[in-house]
Structure formats: C-alpha cells, structure tokens
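**Q** Those protein sequences? They're chains A and B, same order as listed. Numbered per numbering that gives the first Met the number 0, the first sequence spans residues 0 to 334. Numbered per numbering that gives the first Met the number 0, the second sequence spans residues 0 to 334. From the three backbone atoms N, C-alpha and C, an ideal C-beta is built for every residue, glycine too. Quick one: the structure is below, and I'll ask about it shortly.
There are 2 protein chains.
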Amino acid sequence: MSNLKSVAKHSKVSIATVSRVINNDPKVSKATMLKVMASIEALEYKPNRVAQRLRSTNNKTKLLGLVIPDIQNPFFVDVVRGVEDYAYQNNFAVMIGNFGQDEKKEKLYLDILQSENIDGLIVAPIHGKDKGVENLVKKNIPVVCIDRGLTEIDVDVVKVDNEQGAFNAIDHLLSIGHRKIAFISGNFKIPTYIERLAGYKRALSDYGVAFDEKLIFSRDTDYKSGFEIANKILELKERPTAIFSGNNLLTLGALEAIHANKIKIPEEISIIGFDDMPWSISLNPPLSAVRQPGFNMGRKAAEMIYERILNPEKNKENIILKTELILRKSTTRLE
Amino acid sequence: MSNLKSVAKHSKVSIATVSRVINNDPKVSKATMLKVMASIEALEYKPNRVAQRLRSTNNKTKLLGLVIPDIQNPFFVDVVRGVEDYAYQNNFAVMIGNFGQDEKKEKLYLDILQSENIDGLIVAPIHGKDKGVENLVKKNIPVVCIDRGLTEIDVDVVKVDNEQGAFNAIDHLLSIGHRKIAFISGNFKIPTYIERLAGYKRALSDYGVAFDEKLIFSRDTDYKSGFEIANKILELKERPTAIFSGNNLLTLGALEAIHANKIKIPEEISIIGFDDMPWSISLNPPLSAVRQPGFNMGRKAAEMIYERILNPEKNKENIILKTELILRKSTTRLE
DNA sequence: CTGAAAGCGCTTACAG
DNA sequence: CTGAAAGCGCTTACAG
Numbered sequence: 000m001s002n003l004k005s006v007a008k009h010s011k012v013s014i015a016t017v018s019r020v021i022n023n024d025p026k027v028s029k030a031t032m033l034k035v036m037a038s039i040e041a042l043e044y045k046p047n048r049v050a051q052r053l054r055s056t057n058n059k060t061k062l063l064g065l066v067i068p069d070i071q072n073p074f075f076v077d078v079v080r081g082v083e084d085y086a087y088q089n090n091f092a093v094m095i096g097n098f099g100q101d102e103k104k105e106k107l108y109l110d111i112l113q114s115e116n117i118d119g120l121i122v123a124p125i126h127g128k129d130k131g132v133e134n135l136v137k138k139n140i141p142v143v144c145i146d147r148g149l150t151e152i153d154v155d156v157v158k159v160d161n162e163q164g165a166f167n168a169i170d171h172l173l174s175i176g177h178r179k180i181a182f183i184s185g186n187f188k189i190p191t192y193i194e195r196l197a198g199y200k201r202a203l204s205d206y207g208v209a210f211d212e213k214l215i216f217s218r219d220t221d222y223k224s225g226f227e228i229a230n231k232i233l234e235l236k237e238r239p240t241a242i243f244s245g246n247n248l249l250t251l252g253a254l255e256a257i258h259a260n261k262i263k264i265p266e267e268i269s270i271i272g273f274d275d276m277p278w279s280i281s282l283n284p285p286l287s288a289v290r291q292p293g294f295n296m297g298r299k300a301a302e303m304i305y306e307r308i309l310n311p312e313k314n315k316e317n318i319i320l321k322t323e324l325i326l327r328k329s330t331t332r333l334e
Numbered sequence: 000m001s002n003l004k005s006v007a008k009h010s011k012v013s014i015a016t017v018s019r020v021i022n023n024d025p026k027v028s029k030a031t032m033l034k035v036m037a038s039i040e041a042l043e044y045k046p047n048r049v050a051q052r053l054r055s056t057n058n059k060t061k062l063l064g065l066v067i068p069d070i071q072n073p074f075f076v077d078v079v080r081g082v083e084d085y086a087y088q089n090n091f092a093v094m095i096g097n098f099g100q101d102e103k104k105e106k107l108y109l110d111i112l113q114s115e116n117i118d119g120l121i122v123a124p125i126h127g128k129d130k131g132v133e134n135l136v137k138k139n140i141p142v143v144c145i146d147r148g149l150t151e152i153d154v155d156v157v158k159v160d161n162e163q164g165a166f167n168a169i170d171h172l173l174s175i176g177h178r179k180i181a182f183i184s185g186n187f188k189i190p191t192y193i194e195r196l197a198g199y200k201r202a203l204s205d206y207g208v209a210f211d212e213k214l215i216f217s218r219d220t221d222y223k224s225g226f227e228i229a230n231k232i233l234e235l236k237e238r239p240t241a242i243f244s245g246n247n248l249l250t251l252g253a254l255e256a257i258h259a260n261k262i263k264i265p266e267e268i269s270i271i272g273f274d275d276m277p278w279s280i281s282l283n284p285p286l287s288a289v290r291q292p293g294f295n296m297g298r299k300a301a302e303m304i305y306e307r308i309l310n311p312e313k314n315k316e317n318i319i320l321k322t323e324l325i326l327r328k329s330t331t332r333l334e
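Structure below.
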C-alpha cells in the first residue's frame, strides 16, 4: 500500500503538503494541489484511516459504533439499515456489535468499540439502568440511545411511542368486544415493555375493564419464549380471547404454538403483534400489527450522533416517533 | 482515557514493560507482572486497538471486514451471526458493510475496510467477476468468499451446494407430477443462481422433461421482483403448476402476489422456496423450502479467515455445505 | 528481566 | 504557500 511518504516523493513535496491536499486545506496552491492529486491517482493512494483516527479526533473519517440487542430481530435490521444509509452518505464507517441479549457480550462490545476510538455510539441499552452505556455518556463519548432510553441519566434518545402503540392495539381489541387479552411481553427490565404495559393498562381502564395480572407473561424476547408462553396461555382454563404479543419474534413463536394446537385465528383467538414485517401479510392469517419505523429510527439516530459529535455541549434530545396500527385478518369481533 | 504511559508511571516501570504484560510476554517477572496488572486494574486501562493496529499487523487484536449484499435478507443475517459468534469467542472485532446489491456501494466499503487496515475480509462478491474483491486477493489481503466464489481467481470460499439444493426441490416437484415449473431467479450474474438453474435443468433432464426457457424469470433479488415476476407468471396463458423461487425475499413477494390474486396454494399452484426461515412454518400455507446453513457458513468463513491470516501461503479451500429440503404444505401432488 | 528508542501513517502548530 | 518536527498510543528489536 502506498502512503503519504510515497505520494510526497512522487510529487516532490513534503508529506505535510500531501496531508493538506487530502484534507482540502485551502492554503495549498492550485498547482501543487493538482500535482499531488495526480500522484494520489497514479499511486492509488488511500489515506490510512487507522492512522488518521489515532492522530486526531476532530476529523472527518468518522467511525460509529452500533450496538444492538438482537440482529435476528428484523426490527433492529431496519434500524441498522437506517444508520448505515446515513453513514454511507457521509462517508462514515460503522462497526456493529450484536449482543444477543447477553449483558457480558454487550459489555465486551462497548469496551472494544471504545478501544477502537469510535467517534460516537448508537446503542439500544440492554435495560434502563445500563451501567456500561452510562459510563460512556459520563466519559463524554457521544451516545445516542435507540428504542429505549436510560432512566438514571440524561442522554439523546430516539424511540417510538410505545405506550400509545400498545394502547392503540388494545383499544382496538376492546372495541371489538375482547375483554380477556393476554400480553406476551419481553423482560420488564427493558423500558420498552414497561411502556407497552402502561399502554395496555390505560386502554383497559378507558374501557373500565379490570387489570388482571395473570394475563401478563414476561420472559425473553425471542421465538422460543413466544412459543412457550403461548402454549401456556392456550392451556389456561378460561382461555383469553385475544393475544397481544410484544415483538415480532414473540409473535412468530406464538403463531407456531397456536397452529400446533390447531386453534383457529381469528375465530378462536385473535392476535395483534408489535412490529410489522414484510412477511406479516403472507402469514396465516395476515397479521394485524403495530408498525414501528425502524429505518427512520436508525437514520434519525445517525443524524443525531453526527450533531452530537459536532456539538458535544448541546442539550440532549428525546425524539419520539409514531407507530401505526395495521389491521389485517388476525383479529375478529367477539360475538 | 488512561494509556500505556499512565500505567507505566503508576506502576513505576517503562511503557515497554507494560506493553509486554498486556501481550503476555513470558519474559516479564512475576512480581512486575502483578504490579503492572494492579495498575491496569486501578486505572481501568484498556489498550487502544487503533494504535495497536497501526503499529503491527501480526498481533491478536484483529479486525475483520464483513461485506454482504443485503442485510434485509435473513439468510445473510444468519451468516453475520455465525461470523460474529466466532469473532466474539476470539476477541475479534467485525466491521460490517451492507452494499444492498449496489456495486458502487460495495466498492466504497471495500475501500473503507482497506483503509481501516482490516486483517481479513469475508465477502459475498456482487458477482462472479468482482474486480474489487479480486484486487484485494491480489494484494494478498486474506479474503474468504461466502455464498459465491469468484470465477477468474483462486480464493477461499464457503458456499452451499446450490446445484443439488435446486435439484432436490425440482426433483420433488417432478416426482409429484409437476411438469411446468417456473423458476423465479435472481440475477444470473450471481454464480449462485447459475448453479441453481443447473440443478433445475438436471432434474428436468432426469425426468426427460424438455427445458423451457420461457419458464425462467430473472431480475433482482428482492421482495419487489418476486412480487412482480409472480404476477407475470400468474397471467401466463398456460399457467405453471409450480413455482420454484430463488431466495426468501423472492418467495415472500411471490406469496403476496399469489394471495392477492386469490389463487390457492397448493391446490392451484405449488411453491418451494430457496431459504428456510423462522416464519416459513407460520406462512399460509406452511412453506416447503430448501434450507441453507447460514450460521454455519458464517462460522466456517470466520474460521477460514483466521487460518488464512495465520498462514497466508496455504492452499485455497473450497468448502461446500449441504442443503436440506424441508417439505411442508405448499406443494401438492398433481392429479 | 527491563528500558530507551525507533517507527507505524498520519495531522498540525510553528516557522519561514 | 510550504516544510521540518512533534506526537497520537502502541510494539519490538536492541542493548544491557
């Protein structure tokens, strides 16, 4: 690989001048610039980003860290795409760590990314009191939280109106006559699920329906949990007439359980899922779902981290995006 | 952030010694080592990976590049998870670039990753004659290709037996009486699809069925293409009795088109998709599919890149993984 | 077993 | 407008 030195030799200037050309320093004379650019071209020189990063922080070859809880969850894939879309346009590189709901793994990624001198971090913290992320914020590393915030500390966050999203789903179920609605939730350490539960409760209270704790099920946020919880729900003596499932993986697990038990949707049980997916429409039956703008969330987060890097002192922002209730065929009116 | 210098001062040794401790140099005396380790602990020192990477190539804080065509395709997400699983266990970091089938974007990622001094690259080349990837191989940067190889050059590759996978699917369709089988393929520049077509043809010829070019449809590898091509297929005067779709995104698009046209699967048309997905079983109807071991492919690729880094001179390997035909409810015997 | 010094590829005051 | 030099945080011969 060619380097500054070889370009400098080739164009008979100092490495300082070559560096200036690369960085578009207006002080360089036009003639020199052209000469150096020709050498860069000829030698196929590409600046070494590692050296650049080591040398100075406030420069344009940025590296973003992106840490997400579960890359198997297509919602986070959408977020990744959004981040990447912005990063690509701005010539950032993104380093992704997927911690798979594993706190130790999250910590390792946070450490690695710090060691890689990232210019900023976009992260969905494992829970509301995530010490690892808190520490980064305290060290004044630019951080934007996605999907969920931090309870103990002020930080930039982009998320969705989970409370309202859940409310809309439950409100719809109530409006078509359902009263016994099970909630397959993720872990309540994750703020998202606390908020969704709040929406659930608010809808219930709007309809004057008593909250029944026994209808709330919470475990991990994966396919298996959805499957196992749904099986439990279906065994209940007074079986709920509807299920609200907390994310797309839980929904998929629940659907498999329901189908395995040969229970008909929506005739025997209605279901609405949080997260709308490309395959929701081809599911059996087409699934009603709360759609989250994952791509926009990612893009917005990337924008925010960019602004935060440029202006570390500005006030923290809290962006709340809207969800949309998509009604298809997985819910029906209760006679 | 603390650095070598601050640790050295804290434990009253030279920075060279601290560096040796970090790198487990056995020459360091036990006493010194303990002292330095205590300082590292006390100062929460973490080596700066950027400086490490700049300084030397043959060292253990590796950075892998991973470049994939489409992160919205869950098959590649599985690959990513496999790579990451191995990387995590070996304390590698992975930098991911998703080029979304866009050649310019692929090129940019290749450049960025080179500029980041990656120790090795795992990549699914955009097509068989991918010059960008070829160049990296020629520069002796360790490269492992996944999912598809390179036609012009010898390179490590991990892929699936696409020919046999497609053969199995078509063979099954033929065995249950289908003769007019449409193939919704991705672009034939991608070696994968050439191989799948070869399997399609071989099955046909085994059954003495003439190959009909008009049943082969090829465009992009996304949802939209699947949707549009399926619509075209359904309009055909002599409508095929079965569809073989080339990847999971195409399948989803095709399913939506079929449902929108109110055509019954499998009564009116059978379908088998390449790629089995978590939601395949909950689709309407449960989908028969060719399962690819994405996770294993990723893990294997990471292993291979590791070996390649350690031993740049060893012979290139070509690993071919097996597919599995999963039969569910989307195909039926033709009366 | 340990330290002083060179150097990885850059950027950036400083001087001219 | 341009160059010489220091330095980012490390590693690694070399010397002792």
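Have a look at ILE180/A, ASN47/A and LEU107/A and flag the residue whose alpha-carbon is nearest the alpha-carbon of ILE270/A.
**A** The alpha carbon of ILE270/A has as its nearest neighbour, out of ILE180/A, ASN47/A and LEU107/A, the alpha carbon of ILE180/A.
**Q** Distance cutoff 8 Å, beta carbons only. Does ILE325/A sit that close to anything in chain B?
**A** Interface annotation, ILE325/A: not in contact with chain B, CB-CB separation never under 8 Å.
**Q** When burial is assigned at 16 or more other CB atoms within 10 Å of the CB, is GLU115/B buried or exposed?
**A** buried
**Q** Per DSSP, what are the beta-bridge partners of SER269/B in this structure?
**A** Here SER269/B is bridged, per DSSP, to ALA241/B.
**Q** Sort out for me which residues DSSP pairs LEU120/B with in a bridge.
**A** GLY64/B and VAL142/B
**Q** Would GLU162/A and ALA197/A be called neighbours here (beta carbons separated by less than 8 Å)?
**A** In this structure, ALA197/A lies closer than 8 Å to GLU162/A by Cβ.
**Q** ALA301/B and GLY99/B - do their beta-carbons sit closer together than 8 Å?
**A** no
**Q** With DSSP run on the structure shown, which of helix, strand or coil describes MET94/B?
**A** strand
**Q** In the DSSP output, which residue or residues are listed as bridge partners for ARG54/B?
**A** According to DSSP, which records beta bridges pairwise, ARG54/B is partnered with nothing at all.
**Q** Could you have a look at ALA181/A and say whether DSSP puts it in helix, strand or coil?
**A** strand
**Q** Taking the DSSP output, what are the residues bridged to LYS158/B?
**A** Residue pairing by DSSP places LYS158/B opposite ILE319/B in a beta bridge.
**Q** Could you give the DSSP three-state label for LEU42/B: helix, strand or coil?
**A** helix
**Q** Taking the alpha-carbon positions, what's the PRO292/B to HIS126/B distance?
**A** 21 Å
**Q** Compare the C-beta of LEU249/B against all C-beta atoms of chain A and say whether one is closer than 8 Å.
**A** no
**Q** Smallest Cα separation from ILE152/B: which of GLY131/B, LYS26/B, VAL93/B and PHE166/B?
**A** GLY131/B
**Q** What residue range does the alpha helix (DSSP H) around VAL17/A cover?
**A** 14-21
**Q** Mind pulling the chain A residues with CB within less than 8 Å of LEU53/B?
**A** ASN47, VAL49, ALA50 and LEU53
**Q** Just checking my contact of GLY119/A with PRO141/A at CB under 8 Å: how many whole Å lie between their CB atoms?
**A** In this structure GLY119/A is in contact with PRO141/A, their Cβ atoms being roughly 4 Å apart against a cut-off of 8 Å.
**Q** In terms of residue numbering, what span does the beta strand (DSSP E) encompassing SER217/B cover?
**A** 215-217
**Q** Going by Cα to Cα distance, which pick from TYR199/B, TYR305/B and LEU254/B is closest to GLN88/B?
**A** TYR305/B
**Q** Give me, in chain order, the residues of the same chain whose beta-carbon lies closer than 7 Å to that of SER1/A; leave out the 5 immediate sequence neighbours on both sides.
**A** LEU42, GLU43 and TYR44
**Q** Considering only residues of the same chain and omitting the five flanking positions on each side of VAL159/A, which have a CB-CB separation below 6 Å?
**A** Cβ neighbours of VAL159/A beyond the five flanking positions: GLN291, LEU320 and THR322.
**Q** What first and last residue would you give for the alpha helix (DSSP H) that runs through VAL289/B?
**A** Looking at the DSSP string, VAL289/B is not in any alpha helix (DSSP H); the run it does join, the beta strand (DSSP E), is 287-290.
**Q** Anything in the region 257-280 of chain B with a Cβ closer than 7 Å to a Cβ of chain A? List those residues in chain order, please.
**A** HIS258, PRO277, TRP278 and ILE280
**Q** With a threshold of 8 Å between beta carbons, is ALA422/A in contact with chain B?
**A** Here chain A has residues from 0 to 334 only, and residue 422/A is not among them.
**Q** In whole angstroms, what separates the C-alpha of VAL289/B from that of ALA241/A?
**A** Inter-residue distance for VAL289/B and ALA241/A is about 34 Å (C-alpha atoms, whole angstroms).
**Q** Using a Cβ-Cβ cut-off of 8 Å (strictly less than) and excluding sequence neighbours within five positions of VAL12/B, which residues of its own chain qualify?
**A** Answer for VAL12/B: THR31, LYS34 and VAL35, listed in chain order.
**Q** Rounded to whole angstroms, what's the CA-CA distance from HIS177/B to LEU233/B? Just pull it up for me.
**A** In this structure, the straight-line span from the alpha carbon of HIS177/B to that of LEU233/B is close to 16 Å.
**Q** Taking a contact to mean a Cβ-Cβ separation below 8 Å, would you say ILE268/B touches ILE280/B in this structure?
**A** no
**Q** Which residue comes first and which comes last in the alpha helix (DSSP H) that contains ALA209/B?
**A** Unbroken run through ALA209/B: none, as it is neither H nor E.
**Q** Return the residues of the region 120-142 of chain A that lie within a Cβ-Cβ distance of less than 9 Å from chain B, sorted by chain order.
**A** LYS138
**Q** What would DSSP say about LEU149/A, mapped onto helix, strand or coil?
**A** LEU149/A falls in the coil class under three-state DSSP.
**Q** Assuming LYS299/B and VAL157/B form a contact by the criterion Cβ under 8 Å, report the distance between their Cβ atoms to the nearest whole angstrom.
**A** Taking 8 Å as the upper bound for CB-CB distance, LYS299/B and VAL157/B are in contact here, some 5 Å apart.
**Q** Restricting to Cα atoms, I'd like to know which of ASP275/A, PRO239/A, ILE264/A and LEU282/A is closest to ALA259/B.
**A** LEU282/A
**Q** From the DSSP output, read off the bridge partner residues of LEU282/A.
**A** LEU282/B
**Q** Closer than 8 Å is the cut-off here; do at least three beta carbon pairs connect the region 8-25 of chain B with the region 325-332 of chain A?
**A** no
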